[in-house]
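I have placed the structure first, in the form of structure tokens, so that the comments after it can refer back to it.
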Amino acid sequence: MKIIKLLFIICLLLFCFSLAGLSLQEIYEQAEPYGIYDKFLNLQTGQTYEGGLLIGKIFDPISQELQGSEGLDVKIKGNGAILDLQGQQISISYVHNRLDIEDCIILNGNIRYRGDHGLLPDQSPYGSVKYVTFYKPHDYAVRMQGAGKNITVTRNIIVDTQNTGPDYLAYTGIANDFLPTGNCLAISVFNNWYGLPILSENWTYFSSEEVNADSLRHYVALCEYGCTEPEVVSWAAQQNVIGQDPQLMDPENGDYRVQVGSSAEDYGCQTFGGNLFSQTSSKEPSVSHNRKISKIEVGGHITENTLWSADTVEVIADIFIENGVELQIAAGCNIIFQDYYKLYVAGSIKAFGTAAEPIVFNSANPEFFTLDNTTLGSWNGLHFWQTSSLNKKSVLEYCHFRNCKALL
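Position 251 (the sequence shown) corresponds to 278 in this note's numbering; numbering is contiguous.
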């Protein structure tokens with residue numbers, strides 16, 4: 028009987044330990060490289076990860092120098108994980124590296140891209156935040172300080188951002204009344220210098236009717252140095268859903284799904300473990316063209332013969348097809364460039380679309396495309412430059428090139 032009791036206690040302790048939060052910092056330190064990323068955090072569905080994460084450096088106001096490790100390119104693939112930041116931040120700071128975060132729930136903290144491209148070399152981070160559900164984030168959901176160019180924030184749900192008092196000046200750490208918190212998304216007021224981020228198809232909401240009616244609480248432009256009053260980002264209203272209840276199931280009790288039938292079903296975190304809740308979504312994933320894979324992410328050097336056959340191929344970095352290597356693209360593929368990236372062909376490319384299933388090359392944000400010299404809403408084209416004639420010939424059939432500003 029004593030042995031049975033002892034085994035029961037051990038099992039109970041193991042079960043409790045499995046439910047306990049893991050350290051996000053420790054997971055980061057253990058993460059391995061993958062693709063274009065130096066650290067790829069592939070998180071577990073429904074698992075809670077605790078604490079913040081600093082990637083890069085911090086500015087020491089006493090020594091007036093940047094201190095800390097060099098930056099890395101990092102991706103956090105949430106898979107429906109819960110990130111309880113416990114009042115801290117996920118921050119990529121004063122490094123020219125990328126941070127991509129997707130498909131998770133973030134509580135009690137915020138994401139910050141902090142930099143200054145006036146420093147040499149460029150110390151401005153970039154990346155993307157997409158399909159994240161922020162519930163009661165502290166200060167902001169995402170803030171861009173001294174950064175903005177090549178940052179995309181899209182398809183997120185942000186509910187009840189918490190006001191924790193004035194934020195701090197960039198280089199002194201002194202609180203300033205011109206830096207209010209409690210705003211969903213905050214960009215730099217100097218976006219003509221730091222660059223304009225892409226903010227599209229996000230869903231922001233406050234349960235307080237009075238707060239929800241305040242435009243500053245949804246999208247705000249702030250001065251890093253506290254020298255000007257906050258400004259409303261008026262253009263954000265054209266590309267985002269502001270002030271409408273996304274109808275989360277029961278977030279106070281840990282159910283962050285969107286109610287079936289809500290207009291926000293395709294926003295925020297998209298993965299939820301079936302063992303976590305009694306109700307499961309009625310929406311089933313679909314794959315067209317009879318393919319087994321609906322979406323892949325690509326970027327970097329292609330060093331061996333490769334076939335892209337997914338419905339959607341998301342390009343998350345410049346692509347370089349090396350000399351002697353062939354890239355084939357199946358009919359019906361949609362090649363979506365997540366930013367101003369190019370496809371450079373030193374080898375060869377064969378893209379065999381059909382009239383019924385053309386291959387489409389396009390930008391991830393075509394609504395921002397304009398006929399000028401800016402790169403918003405565009406991609407950097409298909410480049411053949413000093414490509415050897417000894418390679419197999421390249422073929423492009425029934426290919427549609429859209430919103431490109433550098434097609435050669």
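Note that CB positions come from ideal geometry on N, CA and C, so glycine has one too.
Fair warning: this is a prediction, and the values are worked out from it, not measured in the lab.
Nearest neighbour of P385, chosen from N361, W406 and T414 [CA to CA]
Sequence index remark: in the sequence shown, residue 385 carries index 358 (1-based). P385 has its Cα closest to that of N361, out of N361, W406 and T414.
Using DSSP with H/G/I as helix, E/B as strand and the rest coil, what is P273?
Your numbering for residue 273 matches position 246 in the sequence shown. It is coil, neither helix nor strand.
I'd like the list of long-range same chain contacts for P148, defined as Cβ closer than 7 Å, with 5 residues on each side in sequence excluded.
Taking the first residue of the sequence shown as 1, we reach residue 148 at position 121. Short of 7 Å from the beta carbon of P148, and not among the five residues preceding or following it, lie these beta carbons of its own chain, in chain order: H123.
Using a Cβ-Cβ cut-off of 6 Å (strictly less than) and excluding sequence neighbours within five positions of W230, which residues of its own chain qualify?
Against the sequence shown, residue 230 aligns to sequence position 203. Cβ-Cβ distances below 6 Å link W230 to I184, V268, P273, A291 and Y294 in the same chain, with the five nearest sequence neighbours on each side left out; the list follows chain order.
Would D65 and T298 be called neighbours here (beta carbons separated by less than 7 Å)?
Mapped onto the sequence shown, residue 65 falls at position 38. Mapped onto the sequence shown, residue 298 falls at position 271. No, they are not a contact pair.
Using a 10 Å radius around the Cβ and a threshold of 16 neighbouring Cβ atoms, would you call E53 buried or exposed?
Position 26 of the sequence shown holds residue 53. E53 comes out exposed.
Contact under 7 Å by Cβ, Y195 with F86
The residue labelled residue 195 in the question sits at position 168 within the sequence shown. The residue labelled residue 86 in the question sits at position 59 within the sequence shown. No; because the gap between Cβ atoms is not below 7 Å, this pair is not in contact.
First through last residue of the beta strand (DSSP E) which encompasses E251
Here residue 251 refers to the residue found at position 224 of the sequence shown. No beta strand (DSSP E) holds E251; DSSP gives it neither H nor E.
With H, G and I counted as helix, E and B as strand and the rest as coil, what does DSSP make of W230?
By 1-based counting over the sequence shown, the position of residue 230 is 203. Correct three-state label for W230: strand.
Can you grab the Cα-Cα spacing for the pair A202 / F379, in whole Å?
Taking the sequence shown and counting its residues from 1, the one referred to as residue 202 is at position 175. Taking the sequence shown and counting its residues from 1, the one referred to as residue 379 is at position 352. When rounded, the distance between both Cα atoms is 58 Å.
Are the beta-carbon atoms of G175 and L223 separated by less than 7 Å?
Start at 1 with the first residue of the sequence shown, and residue 175 comes out as number 148. Start at 1 with the first residue of the sequence shown, and residue 223 comes out as number 196. Pairing G175 with L223 gives a Cβ-Cβ distance under 7 Å.
Can you find the residues in the same chain that come closer than 6 Å, C-beta to C-beta, to Y371, ignoring five residues on each side of it along the sequence?
Within the sequence shown, numbered from 1, the residue matching residue 371 stands at position 344. For Y371, where only same-chain residues beyond five positions count, the Cβ hits under 6 Å are F347 and H410.
Can you list, in chain order, the residues of its chain whose CB lies under 6 Å from that of D143, leaving out five sequence neighbours each side?
Translated into the one-based positions of the sequence shown, residue 143 becomes position 116. So the list reads Q150 and G173, once near-sequence residues are dropped.
Taking a contact to mean a Cβ-Cβ separation below 7 Å, would you say K377 touches Q355 in this structure?
Taking the first residue of the sequence shown as 1, we reach residue 377 at position 350. Taking the first residue of the sequence shown as 1, we reach residue 355 at position 328. For K377 and Q355, yes; Cβs fall inside 7 Å.
Is the segment 86–99 in contact with the segment 328–342, if contact means three or more CB pairs nearer than 8 Å?
Short answer: they don't touch.
Within 10 Å of its beta-carbon, does R429 have 16 or more other beta-carbons around it, so buried, or fewer, so exposed?
Taking the first residue of the sequence shown as 1, we reach residue 429 at position 402. Exposed: under 16 other Cβ atoms inside 10 Å.
Hey, would you say V352 sits closer than 7 Å to G374, going by beta carbons?
Walking along the sequence shown from the start, residue 352 turns up at place 325. Walking along the sequence shown from the start, residue 374 turns up at place 347. Contact flag set, yes.
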